[in-house]
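Here is the structure we will look at, set down as structure tokens.
2 protein chains.
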Amino acid sequence: MSVQIAVDAMGGDHAPEVVVEGAIAAAQEADDSVHILLVGPRERLERLLASHQASQLPISVLHAPEVIGMDESPSVALRAKPQSSVHVGLQAHKSGQAQAFVSNGNTGAVMAAALFILGRLPNISRPALPAYFPTLENTSIVLDVGANVDCKPEHLVQFALMGSLFYQVHLHKERPTVALLNVGEEPSKGNEVVRQAYQLLSEKTTELNFIGNVEGRDIFYHGADVVVCDGFVGNVLLKFGESIPDILQRLIKEAVVNEQLGEKEQYLIFGVLKQVLRRFDYAEFGGVPLLGINGTVLIGHGSAPARAVKRMILEAASMVEERILDRMAELFKTTH
Amino acid sequence: MSVQIAVDAMGGDHAPEVVVEGAIAAAQEADDSVHILLVGPRERLERLLASHQASQLPISVLHAPEVIGMDESPSVALRAKPQSSVHVGLQAHKSGQAQAFVSNGNTGAVMAAALFILGRLPNISRPALPAYFPTLENTSIVLDVGANVDCKPEHLVQFALMGSLFYQVHLHKERPTVALLNVGEEPSKGNEVVRQAYQLLSEKTTELNFIGNVEGRDIFYHGADVVVCDGFVGNVLLKFGESIPDILQRLIKEAVVNEQLGEKEQYLIFGVLKQVLRRFDYAEFGGVPLLGINGTVLIGHGSAPARAVKRMILEAASMVEERILDRMAELFKTTH
Chain A
1 MSVQIAVDAM
11 GGDHAPEVVV
21 EGAIAAAQEA
31 DDSVHILLVG
41 PRERLERLLA
51 SHQASQLPIS
61 VLHAPEVIGM
71 DESPSVALRA
81 KPQSSVHVGL
91 QAHKSGQAQA
101 FVSNGNTGAV
111 MAAALFILGR
121 LPNISRPALP
131 AYFPTLENTS
141 IVLDVGANVD
151 CKPEHLVQFA
161 LMGSLFYQVH
171 LHKERPTVAL
181 LNVGEEPSKG
191 NEVVRQAYQL
201 LSEKTTELNF
211 IGNVEGRDIF
221 YHGADVVVCD
231 GFVGNVLLKF
241 GESIPDILQR
251 LIKEAVVNEQ
261 LGEKEQYLIF
271 GVLKQVLRRF
281 DYAEFGGVPL
291 LGINGTVLIG
301 HGSAPARAVK
311 RMILEAASMV
321 EERILDRMAE
331 LFKTTH
Chain B
1001 MSVQIAVDAM
1011 GGDHAPEVVV
1021 EGAIAAAQEA
1031 DDSVHILLVG
1041 PRERLERLLA
1051 SHQASQLPIS
1061 VLHAPEVIGM
1071 DESPSVALRA
1081 KPQSSVHVGL
1091 QAHKSGQAQA
1101 FVSNGNTGAV
1111 MAAALFILGR
1121 LPNISRPALP
1131 AYFPTLENTS
1141 IVLDVGANVD
1151 CKPEHLVQFA
1161 LMGSLFYQVH
1171 LHKERPTVAL
1181 LNVGEEPSKG
1191 NEVVRQAYQL
1201 LSEKTTELNF
1211 IGNVEGRDIF
1221 YHGADVVVCD
1231 GFVGNVLLKF
1241 GESIPDILQR
1251 LIKEAVVNEQ
1261 LGEKEQYLIF
1271 GVLKQVLRRF
1281 DYAEFGGVPL
1291 LGINGTVLIG
1301 HGSAPARAVK
1311 RMILEAASMV
1321 EERILDRMAE
1331 LFKTTH
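As they're listed, the protein sequences go chains A and B.
Per my numbering, residue 1 is the first one in the first sequence, and the count goes up by one each step.
Per my numbering, residue 1001 is the first one in the second sequence, and the count goes up by one each step.
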């Protein structure tokens, strides 16, 4: 049986065109193992699909007449647009028509609607949004990066449990290492919240492979598989990190001009740069799951290209096959 | 009249050799306008100075028999080593024998001792440590980056005032722009502390050129001259940023190997890289002042090379000439 994925066709800066392209690419690659429900204005989407001659693919349209803008207030959109592609897609997931929902739309609105429509898993106080960080070794996840700006120590412990399970199952590593992001290595370092979280994490020796504190400088060196922090620190860090590729390109262009390099030499340098920057390319990851809600919801960048949309849809299908939601519910039955 | 600068000869990973070299270079460059008090074990320092044939330079030794290790607990060192180079140097500053004290030693110990020996300026609740961040435009300062991990909104306002004054006078810009580091642009964004700080900062229209929130992604684009945050976020961000140059070098080496580039091509690429990384080199800045204490104290990296030590000594002399301490005291007489 194929996995049904509801896709917010109207989410992102270049919706619906880029989303439809990504969905078509995903359907082609998944070869009938994934059925895609494109959620948005029926006529517009069907016209787009027709223009791509995609009628043979396992893609159908689920009508949603309203669209939430990228800059709309999440709380206003939640109440004012019950027929938005986000709402209709999440309802399709809740009803079982789809086993997952993915969106490149307004992150805040998707999170608010997911929480409202799907609710949290039992015993989870706060859903969390992880981010992938490239490291010298491979990839770490850092969470939370935006869902929670005021955290208690218990919340950080739940982030650790959710992140560890996700990393283990989805990134295929037994007992991934988990660390607390802090200003120093010693348990006594940091503010009140992280000091208490350190103690609580230390006690969870069976559930977690907690290795202590890591500092900002440790992240790129793969200080841990899973790095736990509150959503304020995580969000600042993520956005700072995301600016690195563009900054590097600009600085290198500047240097190339200063040194008056020829065409051949520029070609060489930008070739190497491209290889390096691939490690920082969020499109390679597709999207991240909103962990802790009673559903499988992935959120991607607003500026995502079609290949990132494709990747996110396939990631969602993997998460369904890996039964991460059931496992998460199971874990929090006994531990929290 | 020359400015007297007390220099912790025993601070840093390569003390006292590198510090002595830096002091000699500073004395040579300052051409009698700076007198350096090298603080540490007299015999050892005099031997070093003699080996450099520096007897004609305005450098004298102030004896301090004890040394605080880079990894020692600041609070323990504060009590157990009253004859350390840090203590003796700060005492020399307090007594007026020196107009500033600089150290590449244990940051926590220097901050604790400075606070204990010199005290805070009237009306300042918390001293703050800024950091220089390279930007596309030039340089921003971010503060606090480590002195305060639990902050109240009022503390952030004081950081803004101190940072703004320092930027204006020392980095020569009238009404520097000041922003609050946050997870979004809108005033309603962020945790409780930054939301309140936003309001308080908005009211200080005469004292500050407050331009609102900036996000992590804005820093490298010079979102503001002065970026205000608590010491937890600032420290994580600083250390993350400091890891970028080494990570880049490693990734580029990897790419160069993958592409099997020849010697000539490697030379070209690393030449460009070197130019780019110069922007990220903390040694170019020398050190940062601990703002808000009743004295002029600069702290540098433990791994600082001699040219960074030299730079820090000259920076300290500039700060004395710019009368930043008096101006800071003046500002906080009326505003806080």
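Beta carbons are placed, not taken as given, at the ideal position from N, Cα and C, and that holds for glycine.
In this text, all values refer to a predicted model and were calculated from it rather than measured experimentally.
{"Item": "Rounded to a whole number of angstroms, what is the C-alpha to C-alpha distance between residue 1213 of chain B and residue 33 of chain A?", "Value": "46 Å"}
{"Item": "According to DSSP, simplified to helix, strand and coil, what is residue 195 of chain A?", "Value": "helix"}
{"Item": "Do the CB positions of residue 298 of chain A and residue 319 of chain A come within less than 9 Å of each other?", "Value": "yes"}
{"Item": "Determine the closest residue to residue 1156 of chain B out of B/1121, B/1226 and B/1222, with distance taken between C-alpha atoms.", "Value": "B/1226"}
{"Item": "When the Cβ atoms of the segment 1033-1045 of chain B are set against those of the segment 1068-1077 of chain B, are three or more pairs found closer than 8 Å?", "Value": "no"}
{"Item": "Rounding to the nearest angstrom, what Cα-Cα distance links residue 23 of chain A and residue 316 of chain A in this structure?", "Value": "12 Å"}
{"Item": "If you draw a straight line from the C-alpha of residue 295 of chain A to the C-alpha of residue 125 of chain A, how long is it?", "Value": "15 Å"}
{"Item": "Alpha helix (DSSP H) containing residue 326 of chain A: first to last residue?", "Value": "324-334"}
{"Item": "Report all residues from its chain with a CB closer than 6 Å to the CB of residue 312 of chain A; omit the five preceding and five following residues, and keep chain order.", "Value": "102, 286, 287, 298 and 300"}
{"Item": "To be precise: take each residue of the segment 1118-1152 of chain B, compare its Cβ to all Cβ atoms of chain A, and keep it if any distance is under 8 Å. Which residues remain?", "Value": "1136, 1146, 1149 and 1150"}
{"Item": "Does residue 282 of chain A come within less than 9 Å of chain B when only Cβ atoms are used?", "Value": "no"}
{"Item": "What are the residues in the segment 1179-1192 of chain B lying within 7 Å of chain A by C-beta distance?", "Value": "1181, 1183, 1190, 1191 and 1192"}
{"Item": "Note the first and the last residue of the continuous beta strand (DSSP E) segment covering residue 132 of chain A.", "Value": "130-134"}
{"Item": "Classify residue 1028 of chain B as helix, strand or coil using the three-state DSSP reduction.", "Value": "helix"}
{"Item": "Between the segment 1235-1262 of chain B and chain A, which residues of the former have a C-beta closer than 9 Å to a C-beta of the latter?", "Value": "1235, 1236, 1237, 1238, 1239, 1240, 1241, 1242, 1243, 1244, 1246, 1247, 1248, 1250, 1251, 1252, 1254, 1255, 1256, 1258, 1259 and 1261"}
{"Item": "Mind checking residue 1080 of chain B: buried by the 16 CB within 10 Å criterion, or exposed?", "Value": "exposed"}
{"Item": "Run through DSSP, which three-state label would residue 298 of chain A get?", "Value": "strand"}
{"Item": "In or out: residue 1334 of chain B buried (at least 16 other Cβ within 10 Å) or exposed?", "Value": "exposed"}
{"Item": "Rounded to a whole number of angstroms, what is the C-alpha to C-alpha distance between residue 70 of chain A and residue 1184 of chain B?", "Value": "13 Å"}
{"Item": "Mind listing the chain A neighbours of residue 1327 of chain B? Cutoff is C-beta to C-beta under 8 Å, in chain order.", "Value": "None at all; the shortest Cβ gap to chain A is about 30 Å."}
{"Item": "Compare the beta carbon distance of residue 1237 of chain B and residue 1216 of chain B with 9 Å and say whether it is the shorter of the two.", "Value": "yes"}
{"Item": "If you check the beta carbons only, do residue 97 of chain A and residue 30 of chain A fall under 9 Å apart?", "Value": "no"}
{"Item": "Does any residue of chain B bring its CB to less than 9 Å from the CB of residue 3 of chain A?", "Value": "no"}
{"Item": "Where residue 1324 of chain B and residue 1198 of chain B are concerned, what is the direct C-alpha to C-alpha distance, given to the nearest angstrom?", "Value": "26 Å"}
{"Item": "Starting from the beta carbon of residue 1268 of chain B, find every residue of chain A whose beta carbon is closer than 8 Å, and list them in chain order.", "Value": "261, 265, 268 and 269"}
{"Item": "Contact defined as beta carbons within less than 8 Å: I believe residue 1235 of chain B pairs with residue 1146 of chain B. What is the distance between those atoms, to the nearest angstrom?", "Value": "4 Å"}
{"Item": "Name the chain B residues whose beta carbon is nearer than 9 Å to that of residue 215 of chain A?", "Value": "1235, 1236, 1239 and 1240"}
{"Item": "Pick out the complete alpha helix (DSSP H) segments inside the segment 211-279 of chain A, 4 residues or longer, and give them in chain order.", "Value": "231-242, 244-258 and 263-278"}
{"Item": "What are the start and end residues of the beta strand (DSSP E) that includes residue 53 of chain A?", "Value": "Per DSSP, residue 53 of chain A belongs to no beta strand (DSSP E) and is neither H nor E."}
{"Item": "Which residues mark the beginning and the end of the beta strand (DSSP E) in which residue 1063 of chain B is found?", "Value": "1059-1063"}
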